[in-house]
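Chains as they are written, first to last, in the working numbering: chain A, 296 to 511; chain B, 296 to 511.
For glycine and all other residues, C-beta sits at the position ideal for the given N, C-alpha and C.
There are 2 protein chains.
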Amino acid sequence: MKSGKLFSKEEANLLEEIILNRRDVRGNHFLNKTIEKDLLDKLLFSALNAPSVGFSQPWEFIIIKNKTVKEKIKQSFDEENHKAIDHFQDKKQKEYIKLKLEGIIEAPINIAVFYKPSDKPVLGQTSMSKMGLYSVVCAVQNMWLTARSLNIGMGWVSILNEEKVKAILNVPKENKLVAYLCLGYVDKFYTQPELELIKWEKRKEKDSVVRIIDNE
Amino acid sequence: MKSGKLFSKEEANLLEEIILNRRDVRGNHFLNKTIEKDLLDKLLFSALNAPSVGFSQPWEFIIIKNKTVKEKIKQSFDEENHKAIDHFQDKKQKEYIKLKLEGIIEAPINIAVFYKPSDKPVLGQTSMSKMGLYSVVCAVQNMWLTARSLNIGMGWVSILNEEKVKAILNVPKENKLVAYLCLGYVDKFYTQPELELIKWEKRKEKDSVVRIIDNE
Chain A
296 MKSGKLFSKE EANLLEEIIL NRRDVRGNHF LNKTIEKDLL DKLLFSALNA
346 PSVGFSQPWE FIIIKNKTVK EKIKQSFDEE NHKAIDHFQD KKQKEYIKLK
396 LEGIIEAPIN IAVFYKPSDK PVLGQTSMSK MGLYSVVCAV QNMWLTARSL
446 NIGMGWVSIL NEEKVKAILN VPKENKLVAY LCLGYVDKFY TQPELELIKW
496 EKRKEKDSVV RIIDNE
Chain B
296 MKSGKLFSKE EANLLEEIIL NRRDVRGNHF LNKTIEKDLL DKLLFSALNA
346 PSVGFSQPWE FIIIKNKTVK EKIKQSFDEE NHKAIDHFQD KKQKEYIKLK
396 LEGIIEAPIN IAVFYKPSDK PVLGQTSMSK MGLYSVVCAV QNMWLTARSL
446 NIGMGWVSIL NEEKVKAILN VPKENKLVAY LCLGYVDKFY TQPELELIKW
496 EKRKEKDSVV RIIDNE
């Protein structure tokens, strides 16, 4: 190879370990302890170095520490979560009601992540219009892994009304809410997804989701 | 902390290095060298351990090694890329035409990644319907970082006609194409995004995309 860093087997294994240990953290696990400014900067840095279609970097991040703003967002969660209950029946509904599904108030930092459409054509986005949204998700996943490597918990809250969140945060109409993240130190990290532990869903077997079209 | 692995500062720094060195690789850099089965398995393993809304794991992966299938996909790229040219004007159009934007034929392995909607309600997806698609993107980003840690190049091709790709791969109507990936060993990894190097787009300043709503 002419140029570019080569990683060792041990370094690849460490990434695998971070990926395996990443969890979605809810409010019952966040500690009342601030995230240091340099670590918050590291999280944002990892987002800004995510891939983006046509190098468009179509992301905007709003860091929320303000209690009043958090309470308004929490209200949107409560409304949407109340509606969500009706989607589930019988035993599943009873289980759903018991779950703690967000950490908006408990997490010291919330970050709302938006997609901001470009005002000119974007290379690579002319055939698949959602590519800009997908770039923003790549930034979120970089932040999630980085948070875990810094032993910081992160939860992605999606039970929200996008229009209400945009109004609360005074965000331009054309922007799209991609993710609402809760971040903070935690009392523990589960070793498995919480929804796997409580048997809400089973883990899928590799063979059920992978198909190979081989050489003939 | 009661449970869960703690990572060191050095380990967090290594993740940052992998994130910074990840690149989108095009066909003019792929080598004619197969990816070993155990490394391909590692890539898929990282995808299967991505976060997914409600632990729904709504992904399907089709691994394509077959030359005839690749050629059909390449034809869809050529058609879409020809249409894309008209989106750009003057100097940008001349630059666009010169760019190599895919590695479908050159890469030894292509992976088409689909979102498969669930036939029951998904926890966390009742208010924001795109959450399932976003889970699939998280899986792709895990694969991208894992590929880089294994010194394997990956490129995401989005200049494709989704319906044509689905027809070629015989994929059910309800599934959505999220990503078409080209993977293989490379002659080099750029240290910066290629589109930044040729000055197609500038890197955005952190302050232009981050806003803070602080405590009062």
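Residues I380, F383 of the same chain have their beta carbon placed closer than 7 Å to that of Y391 (chain A), with the five preceding and five following residues left out of the count. Separation of L455 (chain B) and K360 (chain B) (C-alpha to C-alpha, rounded to the nearest whole angstrom) is 18 Å. For the pair G450 (chain B) and E397 (chain B), the CB atoms are nearer than the 8 Å cut-off. In this structure, the CA atom of D482 (chain B) is about 51 Å from the CA atom of N376 (chain A).
Cβ neighbours of A434 (chain B) within its own chain (closer than 6 Å, five residues either side excluded): A342, A345, W354. Residue burial is scored here from C-beta neighbours: P488 (chain B) has at least 16 other C-beta atoms within 10 angstroms and is therefore classed as buried. With contact defined as three or more Cβ pairs closer than 8 Å, the region 405 to 420 of chain B and the region 491 to 503 of chain B are not in contact. For F325 (chain A), DSSP records a beta bridge to A:V481. For A407 (chain B), there is no enclosing alpha helix (DSSP H); the enclosing beta strand (DSSP E) covers residues 404 to 410. Neighbours of T486 (chain B) in chain A, taken as residues whose beta carbon is under 8 Å from its own, are S298, G299 in chain order. A407 (chain B) places its beta carbon 8 Å or farther from that of L338 (chain B). Looking only at B:K461, B:I508, B:K387, B:S503, the smallest Cα-Cα distance to I357 (chain B) is reached by B:K461. For G427 (chain B), no chain A residue has a Cβ inside 9 Å of its Cβ, as the nearest lies near 10 Å away. At a Cβ-Cβ threshold of 8 Å, V364 (chain A) and V432 (chain B) do not count as neighbours. Taking C-beta separations shorter than 7 Å and ignoring five residues to either side along the sequence, the partners of N316 (chain A) in its chain run R443, F484, following chain order. In this structure, the alpha-carbon of I447 (chain A) lies about 11 Å from that of E331 (chain A). Think of a sphere of 9 Å around the beta carbon of T441 (chain B): the chain A residues whose beta carbon falls inside it are A307, L310, E311, I314, in chain order. Proximity to K468 (chain B) across B:I507, B:Y410, B:G479 peaks at B:Y410, based on C-alpha coordinates.
Annotated three-state conformation of V452 (chain A) is strand, per DSSP. For the 8 Å CB-CB criterion, M426 (chain A) and S453 (chain B) form a contact. The beta carbon of M438 (chain B) lies closer than 6 Å to those of L338, S341, A342 in the same chain, with the five residues before and after it left out. Under the three-state reduction of DSSP output, D502 (chain B) falls in the helix class. For I359 (chain B), the uninterrupted beta strand (DSSP E) run begins and ends at 354 to 359, by DSSP.
Of all alpha-carbon atoms in A:P412, A:R321, A:E311, the one lying nearest the alpha-carbon of I399 (chain A) is that of A:R321. Nearest to T441 (chain A) by alpha-carbon distance, out of A:S298, A:F302, A:L309, is A:L309. Take the alpha-carbon of K389 (chain A) and the one of S422 (chain B): they are about 19 Å apart. Cβ-Cβ distances below 8 Å link D319 (chain A) to M449, G450, W451, P488, E489 in the same chain, with the five nearest sequence neighbours on each side left out; the list follows chain order. Contact between I404 (chain A) and I463 (chain A) does not hold, since their C-beta atoms are separated by about 16 Å, which reaches or exceeds 8 Å. Not one beta carbon of chain A lies nearer than 8 Å to the beta carbon of G479 (chain B). In this structure, the alpha-carbon of G299 (chain B) lies about 21 Å from that of L476 (chain A).
In this structure, the alpha-carbon of K387 (chain A) lies about 15 Å from that of S351 (chain B).
Chain A has no Cβ within less than 8 Å of the Cβ of P412 (chain B). Listed along chain B is no residue with a C-beta nearer than 7 Å to that of H377 (chain A); the closest approach is about 11 Å. Taking 8 Å as the threshold, the shortest C-beta distance from D319 (chain A) to chain B falls below it.
The alpha-carbon of K459 (chain B) is positioned some 25 Å away from that of N323 (chain B).
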